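Report on the structure given below.
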Amino acid sequence: MTSDDVTEAKLLEAALHSARDTQLLVLERGALRETGVAFESLFGSAPALVIADDRTLTAGRETIDSLRARRQLTEEPYILDANTVYADHDHVELIRNRLAATDAIPIAVGAGTINDLVKLAAHRSGRPYMVAATAASMDGYTAYGASITADGSKQTFDCPAPRGVIADLDVIAAAPAGLNASGYADLAAKIPAGADWIVADFLGEEPIIRDAWNTVQLQLRHWMADPAGVRQGHLESVRRVTIALMMTGFAMQSARTSRCASGAEHQFSHLWDMQHHTHNGQAPSHGFKVGIGSLASIALYEALDELRQTDFDVEGAAKSWPDHAANEREIDELFPEDKLKEIAQKESAAKLASADVLRQQLARLKEGWPELARRIHNQLFPHAEFQHMLREAGAPVEPGHIGIEPSRLRRSYRQAYHIRRRFTVLDLARRTGLLEPALEKIYSTSPSLEGRGKGRD
Ligand SMILES: [Zn+2]
-10 MTSDDVTEAK LLEAALHSAR DTQLLVLERG ALRETGVAFE SLFGSAPALV IADDRTLTAG
50 RETIDSLRAR RQLTEEPYIL DANTVYADHD HVELIRNRLA ATDAIPIAVG AGTINDLVKL
110 AAHRSGRPYM VAATAASMDG YTAYGASITA DGSKQTFDCP APRGVIADLD VIAAAPAGLN
170 ASGYADLAAK IPAGADWIVA DFLGEEPIIR DAWNTVQLQL RHWMADPAGV RQGHLESVRR
230 VTIALMMTGF AMQSARTSRC ASGAEHQFSH LWDMQHHTHN GQAPSHGFKV GIGSLASIAL
290 YEALDELRQT DFDVEGAAKS WPDHAANERE IDELFPEDKL KEIAQKESAA KLASADVLRQ
350 QLARLKEGWP ELARRIHNQL FPHAEFQHML REAGAPVEPG HIGIEPSRLR RSYRQAYHIR
410 RRFTVLDLAR RTGLLEPALE KIYSTSPSLE GRGKGRD
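In this text, residue positions in the sequence shown follow the working numbering: the first is -10, and each later residue adds one.
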């Protein structure tokens, strides 16, 4: 065992111990064959119901074989149609109806969609559940809450994380192209998300929770170190991303906040979800959107850092800070659609600081900038390096790759600020009065955001 492995094992033990819902993680090659033993240890002799789709059916069959080898009662698997299954309310109801006809414990066999559907359906049926993950595609397996489309918009419903998680590395390493790249990008997003938490902590907006921070951040660079290996399905590289995503979920379970996993980069993604963005007829994966959001966030950090060399004007920033009415006018202009406008009004108002609070924060920033800049610098990768890593993993690296035009991304910076009260680099830029100058800088110098790099990849 290397020292990294020892630290990882310790981190995992601590993370599982403090997770509220998940008691067991089996993450290894051939883990599906351990499902029966794992299920028995969690649920005794309760019957099991495997829920899969026709693409994860092989893994579903292996799960059932493992259960039967332990003489565990299993029902006929419930198989959804992979071409039509969608993380929406109708499918939650379908699964809930199936669960109503049995007292079996559901085992979700699949990736994000199947896990989210079963998570919410199980919760609404008053039952725990277990998941066998078939791809390292996002950090939602072990997170509380399910992301489901209801009433035309994607929403996160609070519900417990799985009681047990099986992650078979042979299955995950062979996942269809793009799925593990998505997970890699969702993991890489913890880099700018961490910087946002550092800033929020520094300005007294949201203190860092040390255990959750350590769970996600201590080994992050090690886990991200081989993006090409993830693309090529190398077991060790895939293992690192898988464990990292599971750990992030545990951190969210124990801290009861997604702050440790999500910052401004996720707000870009949520914005595009709320705008029902599709590219080539499909919504780009969560990871691909947050990967592009991460690049946008890092570009903003870098532009701010350059602008800060020339210092910022506390009185000027305080004077141009919008009052409630001016903020509402800006929201009116940015959000033509009523539903989004409503969310923006509520979220943005919740964080609209008074001019006095703003002055205090700006003074704190002015005085503490060298220290804060050093901490941010240590946290982030340079934009070009981050972009290179995403490219190596097989994830999109230009906004155009997910169908977002540069001009739309520029507007998204201003919109993403308003749709969530969470304090991020977008707030840092707004409060210092440097958002527009920073965007000017980004759009005059960055070939990737300008779209001039098209065709290069
Ligand atoms: Zn995410």
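We treat Cβ as the ideally placed atom computed from N, Cα and C, and that holds for glycine.
As the structure is a prediction and not an experimental result, all values here were calculated from the model.
Beta bridge counterpart(s) of D157 as assigned by DSSP: Per DSSP, E17.
Check: S251 C-beta below 7 Å from any heavy atom of ligand 1: Distances between the C-beta of S251 and the heavy atoms of ligand 1 include at least one below 7 Å.
Cβ-heavy atom distance, V279 to ligand 1, below 7 Å: Under cutoff, so the answer is yes.
Extent of the continuous beta strand (DSSP E) to which Y67 belongs: Run containing Y67: 67 to 69, per the beta strand (DSSP E) assignment.
Segments of 4+ residues assigned as alpha helix (DSSP H) that fall wholly inside the segment 224 to 277: 224 to 244, 253 to 263, all fully within the segment 224 to 277.
Which residues DSSP lists as bridging A122, in chain order: Looking at the DSSP assignment, A122 forms a beta bridge with G99, A156.
Among T45, A164, R44, R59, the one whose alpha carbon lies nearest that of A37: Looking at the Cα atoms, R59 is the closest of the given residues.
Segments of 4+ residues assigned as alpha helix (DSSP H) that fall wholly inside the segment 334 to 415: Complete alpha helix (DSSP H) runs here, min 4: 344 to 368, 372 to 382, 395 to 407.
Any non-hydrogen atom of ligand 1 within 7 Å of M263 CB: Every heavy atom of ligand 1 is 7 Å or more from the Cβ of M263, so no.
Three-state secondary structure (DSSP) of F28: DSSP places F28 in helix when its eight states are reduced to three.
Same chain, Cβ closer than 8 Å to R348, five either side skipped, listed in chain order: The answer, listed in chain order, is V303, A307.
Assigned secondary structure, T(-4) (DSSP; H/G/I helix, E/B strand, else coil): When DSSP states are grouped into helix, strand and coil, T(-4) belongs to the helix group.
Any C-beta of chain D under 8 Å from that of D147: In the displayed structure, chain D is absent; only one protein chain is listed.
Beta-carbon separation (whole angstroms), E124 vs L234, contact threshold 8 Å: According to the sequence displayed, residue 124 carries Ala and not Glu. Actually they are not in contact, since the Cβ atoms of A124 and L234 sit about 10 Å apart, beyond 8 Å.
Validate contact between the segment 259 to 274 and the segment 183 to 199 using beta carbons, cut 8 Å, 3 pairs: No: the two stretches stay apart, fewer than three of their Cβ pairs being nearer than 8 Å.
First and last residue of the uninterrupted alpha helix (DSSP H) at I458: The question about residue 458 has no answer here: the residues shown for the chain are numbered -10 through 446.
Residues that DSSP places opposite Q144 in a beta bridge: Note: Q144 sits in a beta bridge opposite I137.
Burial state of Y67 (16 or more Cβ within 10 Å): Here Y67 is buried, its C-beta having at least 16 other C-beta atoms within 10 Å.
Delimiting residues of the beta strand (DSSP E) encompassing L38: 37 to 42 is the extent of the beta strand (DSSP E) around L38.
Nonlocal neighbours in the same chain, by C-beta distance under 8 Å from A27, ignoring five residues either side: Only residues of its own chain outside the window of five on either side were considered, and among them L13, V15, M119, G153, I155 have a CB closer than 8 Å to the CB of A27, listed in chain order.
Ligand 1 heavy atom lying under 7 Å from the CB of D175: For ligand 1, at least one heavy atom lies less than 7 Å from the Cβ of D175.
M127 Cβ short of 7 Å to ligand 1 heavy atom set: Taking 7 Å as the cut-off, the C-beta of M127 counts as close to a heavy atom of ligand 1.
Collapsed DSSP secondary structure at T47 in the structure displayed: Helix at T47.
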